[in-house]
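K.L.:
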Amino acid sequence: MLDEAVQALRGWQRDDLPFQLHPGDLGWYRRFGAEATDEAIRIWRGDGRIVAVGLLDGADLLRFTIAPDARADEELARRLAEDICTPERGVLPAGTVYVESPRGTRFQELMFERGWQSDEPWTPLRRDLGAPVPDPGVRVEAIGHDQADLHASVIRASFEKSTFTEERWRAMAAGSPYADARSLVAFDRGDAVAAVTVWSAGPGRPGLIEPMGVHHDHRGKGFGRAITVAAASALRELGSSSALVCTPSSNAGAVATYRAAGFDQLPEVHDQRRD
Numbered sequence: 001m002l003d004e005a006v007q008a009l010r011g012w013q014r015d016d017l018p019f020q021l022h023p024g025d026l027g028w029y030r031r032f033g034a035e036a037t038d039e040a041i042r043i044w045r046g047d048g049r050i051v052a053v054g055l056l057d058g059a060d061l062l063r064f065t066i067a068p069d070a071r072a073d074e075e076l077a078r079r080l081a082e083d084i085c086t087p088e089r090g091v092l093p094a095g096t097v098y099v100e101s102p103r104g105t106r107f108q109e110l111m112f113e114r115g116w117q118s119d120e121p122w123t124p125l126r127r128d129l130g131a132p133v134p135d136p137g138v139r140v141e142a143i144g145h146d147q148a149d150l151h152a153s154v155i156r157a158s159f160e161k162s163t164f165t166e167e168r169w170r171a172m173a174a175g176s177p178y179a180d181a182r183s184l185v186a187f188d189r190g191d192a193v194a195a196v197t198v199w200s201a202g203p204g205r206p207g208l209i210e211p212m213g214v215h216h217d218h219r220g221k222g223f224g225r226a227i228t229v230a231a232a233s234a235l236r237e238l239g240s241s242s243a244l245v246c247t248p249s250s251n252a253g254a255v256a257t258y259r260a261a262g263f264d265q266l267p268e269v270h271d272q273r274r275d
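The opening residue of the sequence shown carries number 1 in full-length UniProt numbering; numbering runs sequentially from there.
#1: Tell me which residues share the same chain as Ala8 and place their Cβ nearer than 7 Å to its Cβ, disregarding the 5 neighbours each side in the sequence.
#2: Nearest-angstrom Cα distance between Ile143 and His151?
#3: Alpha carbon to alpha carbon, how far is Ala67 from Gln20? Give it in angstroms, no decimals.
#4: Using 8 Å as the Cβ pair cut-off and three pairs as the minimum, do the region 220-227 and the region 248-267 touch?
#5: As an exercise, report each continuous alpha helix (DSSP H) stretch of at least 4 residues that is fully enclosed by the UniProt domain "N-acetyltransferase" (138-275), in chain order.
#6: Please name the residue in Asp73, Arg79 and Tyr98 whose C-alpha comes closest to that of Gln272.
#7: In terms of residue numbering, what span does the alpha helix (DSSP H) encompassing Ala36 cover?
#8: Answer with buried or exposed for Ala231, where buried requires no fewer than 16 other C-beta atoms within 10 angstroms of its C-beta.
#9: Please state whether the Cβ-Cβ distance between residue 278 and His215 is less than 8 Å.
#10: Measure the C-alpha to C-alpha separation of Asp3 and Gln117 and round it to an integer number of angstroms.
#11: Please name the residue, chosen from Asp38, Ala77, Ala34 and Thr86, that lies closest to Arg274 on a Cα-to-Cα basis.
#12: Which whole-angstrom value is the C-beta distance of Ala5 and Ile43, which I expect to be below 8 Å?
#13: Of the choices Ala174, Met212 and Ala252, whose alpha-carbon is the least far from that of Glu35?
#14: With a threshold of 7 Å on Cβ separation, who are the neighbours of Asp15 within its own chain once the five nearest residues in sequence on each side are excluded?
#15: Exposed or buried, Ser233, counting other C-beta atoms within 10 Å across all chains shown (16 or more means buried)?
#16: Nearest-angstrom Cα distance between Asp60 and Ala40?
#17: I'd like the span of the beta strand (DSSP E) that includes Gly54, first residue to last.
#18: How is Phe64 classed by DSSP in three states: helix, strand or coil?
#19: Taking only three categories from DSSP, how would you classify Gly11?
#20: Got a sec? Which residues, its chain only, sit under 6 Å from Val138 by beta carbon, not counting five neighbours each side?
Laid out in structure tokens, this is it:
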């Protein structure tokens, strides 16, 4: 299931399209293991091909995208809306739930017509990788299996409720999307101060940063900007056309960090919510 979904998502990534579900999102979810990842993936087919892919990212959030050439398809939009709005079909449960999907699709219009509402805003950001990326100004190392615990520990120290562990790093790295990914750690005088994982969707396509974190003991010193610059450089080496990231608009510090690392702020996006 994972490999099939990733292959479809890779082909749908383009710089001229709105921010959408990326192969790296599935790769990052793979930290929960192969079985859990397959259970979280939703695939819709039509005319002998995959036309939509979703990731149930927790019990109440479906992260979801549609093949670019099918986003105005009325019949498909109605089929998707019916599947997602009907708890008995096993896509989302009853009660308050959320859907993340690309803006500007017929599917989104139908969801609003069914009474769904816009939720809190998110800010996508993009950095073009056509030109070389400057040196980040700190020592940055690519992390392999022998240092999985180091990368995981920095991510845990960066997010209050993180459950990322060495075992989960290894599960993530065992997934097929990680063949086009890199994990990086930034150092200051021997201390690991920031970490990131980047995900390529293939040469000439946008790459994704997910996650990026700065150790809580080393914030306010520019290490977030530095590791983000290093992430952009790593994606360029992997052949990506651009680097993408998305963060809650309420997290002004994260938005400022990405902008300081050369990312352009794109129009806000919203999940849709059913109460």
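Each residue gets a CB set at the ideal place from its N, CA and C atoms; glycine is no exception.
P.N.:
Working from what's here:
#1: Within the same chain, Ala8 has close Cβ partners Ile50 and Val53.
#2: The alpha-carbon separation between Ile143 and His151 amounts to approximately 7 Å.
#3: Roughly 11 Å separates the two Cα atoms.
#4: Yes, they touch.
#5: With a minimum length of 4 residues, the continuous alpha helix (DSSP H) runs that stay inside the UniProt domain "N-acetyltransferase" (138-275) are 148-156, 166-173, 223-237 and 252-260.
#6: Answer by Cα proximity: Tyr98.
#7: That run of the alpha helix (DSSP H) goes Ala34 to Ala40.
#8: With 16 or more Cβ atoms within 10 Å of its Cβ, Ala231 is classed as buried.
#9: Here the chain has residues from 1 to 275 only, and residue 278 is not among them.
#10: Our two residues, Asp3 and Gln117, have alpha carbons roughly 33 Å apart in a direct line.
#11: The shortest C-alpha to C-alpha distance from Arg274 to any of Asp38, Ala77, Ala34 and Thr86 is the one to Thr86.
#12: Indeed, because the Cβ distance is near 6 Å, the residues count as touching under 8 Å.
#13: When only C-alpha atoms are compared, the closest one is Ala174.
#14: Cβ within range, chain order: Pro206, Ser241 and Ser242.
#15: Around the Cβ of Ser233, a 10 Å sphere holds 16 or more other Cβ atoms; the residue is buried.
#16: Straight through space, the alpha carbons of Ala40 and Asp60 are spaced by roughly 11 Å.
#17: Where Gly54 is concerned, the enclosing beta strand (DSSP E) stretches over Arg49 to Leu56.
#18: Phe64 sits in a strand when the DSSP states are folded into three classes.
#19: Helix.
#20: Ala186 and Ala226, listed in sequence order.
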